[in-house]
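This report refers to the structure that appears directly beneath it.
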Amino acid sequence: MVINLFWNLLKKIIFLPANFYIFAIYTFLVAFFNNSFIGSFLEAQSGNRSNMSVSTDILFPLSSFSIFCIILMLPLWVIQLKPSRVSNGLDELFSSYPISKRVWFFIDASILVFIALIFQIIFSAIQLPLIPISTLDWPVFFSIQIAHLLVIMLVTLLLCITLLFKLSTVKALVTSYGILILIWCIEALIGSELVHPIIETLNPLVIYQTLALGIIDYSKLLQYCLYNIALIFCYAVFTANTTPKVKWLVLSTTIISLLVANNFSENVTLRKDMTSNQRYSLQPNLSQLLEGNDEIKVASYQLDEIAHQEVNLRLLNPLKQRLLVTEGALSQELLSQNNAGIFIEIENNQYWINYPFSEHPQQLLTKQMLLKQQQQNNWVVFSSGHQEISSEANQEGAISTLNSILKNQGFKLTELNLRETKALPDNTALLIIASAKTSWMPAEVTQLIGYLERGGNLLWLRDPDDASIKTLEEYLGITRLDSTLIDPRGYSNGTPHPAILVTEPTSNHPVVASLTNVITFPWASALVEIPSKNNWSKTPIIKTNAQTWTELNVEESNLEYNESEGELLGSFDVVWELTRKQGSKTQQVIITGDSHFLTDNMIGQYDNAQFANNLIRWLVLDEPVLNNLPLPIDRKLTLSPEVNFLLSWILPFGLPALFILIGLFRWRQKTT
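Residue numbers 21 to 692, in the working numbering, belong to the letters of the sequence shown in order.
Listed below in structure tokens is the structure:
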């Protein structure tokens, strides 16, 4: 009889015309936002960003939005249960039959769970077109589906509690939304001292956040299950016909047990990272550097709640797998920091990581620790004696800001005139030639080539008016065109002069893969490859847009492309990377067609500072040996015309239209 009641009432509710309209609205909203997330992903993909992931950038936000819509719509179903029983005559028919409130509650709850499953089916169907056009990270994909279903099922059962009370339609609706608002309030207060960990754990959205990201936290899941079992047990005892003494004994015993379980789960972390690139696990490079350490101290500065969550997920929680992490307050000296970030102390060595992270925070910490280890051999030498760019702050076009940045990261800086020394010191990690304006003597060039023959690293900053070192150009196999690059597209977008080149890196090279903004190169020159017999592996890192030309008379007031004068139009290389094996070491050279992007008045523009920082670290730290984090497997979408039509028209318009037509058909049936 219970099954018959269930199916009878379910058919009455499911086929109400208004409910098809609810399905139509839900389908349109989720499909629309799905297209929006896909569009943003494709736009970022065109920039070849390395940290993209279909799971993180499309499925996770889509799941969160879907849950938000379902939570708003479920109360509209809850308030229909009692009116449907009355209109169907079931209340009157079974008023004299021994059907308890618990049976009715079970029937109502089962109906709402069935409706939640319909929402889940629609949500999964909207994601189906992603399967053939991307290489999905399947463990994360399924964890998102499970997390989505888990939350809507739990919220559905929570709303069913309102059915236990004899409430009017309006009161039931207000109560249902009140429960949902309470959940969101607890969610907003997560991390606040006002919220007890037990209350936090009872919130299903907390479990969802980790599970939907591809992390199974077994201790939190166990804790959540224990709390809910305890609540059900206490409810059963208090509603049973038992003495008050037994009730309070059970309640006190349960509370003590939960507190013990909570303390155990807080101190024991059992997590499984299911992401393809293990981005929430302790990385091997960092793990190796931390060997022999038992404890680290951490303090954060000016981080909001979202930032704290990211820091915990990507840095602190992985570190806790190996070490005791002690969180404290910053010293007065560090409180003067202008940027938000996180301070870390390991064995009396101090590290500062700015937030937002320019790349994976574990990678940033690894590089800083490597710099500390190489402190005796990480001298950065600037060549002098040829009117190179000055490091003095009071001179025009100086690079004192860059020097300050490098010193803060542990680099040791010095200037060296090769005319006054026999050879570069052996502890030179990097030589920088910053746009020499006067010619080099043959003896200096011999020293320079000898430094490279010994495996030395080089950063050669060139300008249209610098002095060419022909022997070095032939040795490296890269030369400069005698002209200045003009960027009309950048000028039309707002740069103050057409000779200010605006570039958006599209390479996967570690120097630019972490950048999130453009780089500006004022008064730059194009670099081209020439034959070389020195076994260099050469890769262009940054190119201009196709509208750029090589201007021979940059001082003219009206700059125009003149093919007849020998000017060239097209995409030109501005930064080249050269590497080769020198024994067990990888030798690295970077050549740029511009030095002005490092000057004090330009280094703070867009991503220039981060780009310069990346250049120096890559050259000094032997980045190919460092092994950057593996890329996610689900970072590419290939949108075919058929899938594009399905996403653009069928799902957001065709499927909702079908629900609306069914609703109109049912409405017509009821009125005739």
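A virtual CB, placed ideally from N, CA and C, is assigned to each residue, including glycine.
Cα-Cα, which of the options is closest to residue i?
i                 : options                        : result
threonine 434     : Thr448, Gly613, Ile58          : Thr448
alanine 64        : Leu657, Leu666, Leu681         : Leu657
threonine 691     : Trp27, Pro37, Glu662, Gly475   : Pro37
tyrosine 626      : Ser552, Ile520, Glu575         : Ile520
leucine 241       : Val171, Cys180, Asn297, Ser84  : Val171
glycine 198       : Leu384, Leu92, Ser488, Asn664  : Leu92
phenylalanine 665 : Ser277, Thr421, Glu365, Leu150 : Leu150
isoleucine 87     : Leu492, Gly417, Thr47          : Thr47
phenylalanine 26  : Val123, Thr295, Ile326, Gln341 : Val123
isoleucine 562    : His168, Leu535, Leu94, Glu576  : Leu535
phenylalanine 53  : Ser83, Met72, Ile409           : Ser83
methionine 294    : Ser668, Glu662, Glu587, Ile653 : Ile653
isoleucine 275    : Ser239, Glu583, Ala250, Leu468 : Ala250
Is the beta carbon of residue i sitting closer than 8 Å to the one on residue j?
i                 : j                 : result
valine 318        : asparagine 477    : no
serine 545        : aspartate 483     : yes
tryptophan 460    : histidine 406     : yes
proline 672       : alanine 44        : no
threonine 568     : aspartate 507     : yes
serine 660        : isoleucine 146    : no
valine 531        : asparagine 634    : yes
leucine 306       : glutamine 382     : yes
valine 345        : leucine 333       : no
leucine 101       : isoleucine 42     : no
leucine 451       : valine 401        : yes
valine 98         : leucine 137       : no
aspartate 324     : leucine 343       : no
threonine 619     : glutamate 571     : no
serine 512        : isoleucine 453    : no
leucine 492       : valine 465        : yes
phenylalanine 143 : isoleucine 680    : no
phenylalanine 431 : phenylalanine 541 : no
Residue i by DSSP, collapsed to three states: which one?
i                : result
tryptophan 460   : coil
alanine 544      : coil
isoleucine 610   : strand
leucine 641      : coil
threonine 421    : helix
glutamine 689    : helix
phenylalanine 40 : helix
leucine 302      : coil
asparagine 582   : coil
serine 411       : coil
valine 123       : helix
asparagine 447   : coil
threonine 346    : strand
glutamine 370    : strand
leucine 214      : Legend: pLDDT at leucine 214 = 47, less than 50; position of this residue unreliable, value from coordinates given subsequently. In the structure shown, leucine 214 sits in coil (DSSP, three-state: anything other than H, G, I, E or B).
proline 560      : strand
glycine 405      : coil
serine 60        : helix
leucine 433      : strand
If you draw a straight line from the alpha carbon of residue i to that of residue j, how long is it in whole angstroms?
i                 : j              : result
asparagine 374    : arginine 637   : 16 Å
glutamate 213     : histidine 328  : A caution first: glutamate 213 carries a pLDDT of 46, below 50, which makes its placement in the model unreliable, though a value can still be read off. Rounded to the nearest angstrom, the two C-alpha atoms are 14 Å apart.
arginine 291      : isoleucine 235 : 7 Å
leucine 675       : arginine 686   : 17 Å
valine 645        : glutamine 388  : In this predicted model, valine 645 has a pLDDT of only 42, less than 50, meaning its place in the structure is not dependable; the value taken from the coordinates is given anyway. The straight-line gap from Cα to Cα measures roughly 15 Å.
leucine 436       : lysine 457     : 16 Å
glutamine 370     : glutamine 303  : 20 Å
glutamine 140     : methionine 622 : 51 Å
threonine 559     : asparagine 573 : 29 Å
asparagine 647    : leucine 391    : Residue placement at asparagine 647 is flagged as unreliable, the pLDDT there being 49, under the threshold of 50; the coordinate-derived value follows with that caveat. Cα to Cα, the separation comes out at about 16 Å.
valine 215        : valine 74      : For valine 215, the predicted model reports a pLDDT of 49, less than 50, meaning its position is unreliable and no value from the coordinates is stated.
proline 376       : leucine 156    : 27 Å
serine 60         : isoleucine 227 : 27 Å
serine 591        : glutamate 580  : 17 Å
leucine 385       : isoleucine 362 : 10 Å
tryptophan 372    : glycine 417    : 28 Å
phenylalanine 631 : glutamate 597  : 14 Å
glutamate 440     : tyrosine 471   : 16 Å
tyrosine 321      : alanine 360    : 5 Å
leucine 29        : leucine 233    : 37 Å
phenylalanine 35  : histidine 168  : 25 Å
Any heavy atom of the ligand PLP inside 7 Å of the beta-carbon of residue i?
i             : result
glutamine 100 : Although the ligand PLP was asked about, the structure shown includes no ligands whatsoever.
| query | Do the region 151-160 and the region 72-82 meet, that is, are 3 or more Cβ pairs less than 8 Å apart? | reply | Yes, since at least three Cβ pairs between the region 151-160 and the region 72-82 fall closer than 8 Å, the two stretches touch.
| query | Do the region 596-612 and the region 493-503 meet, that is, are 3 or more Cβ pairs less than 8 Å apart? | reply | yes
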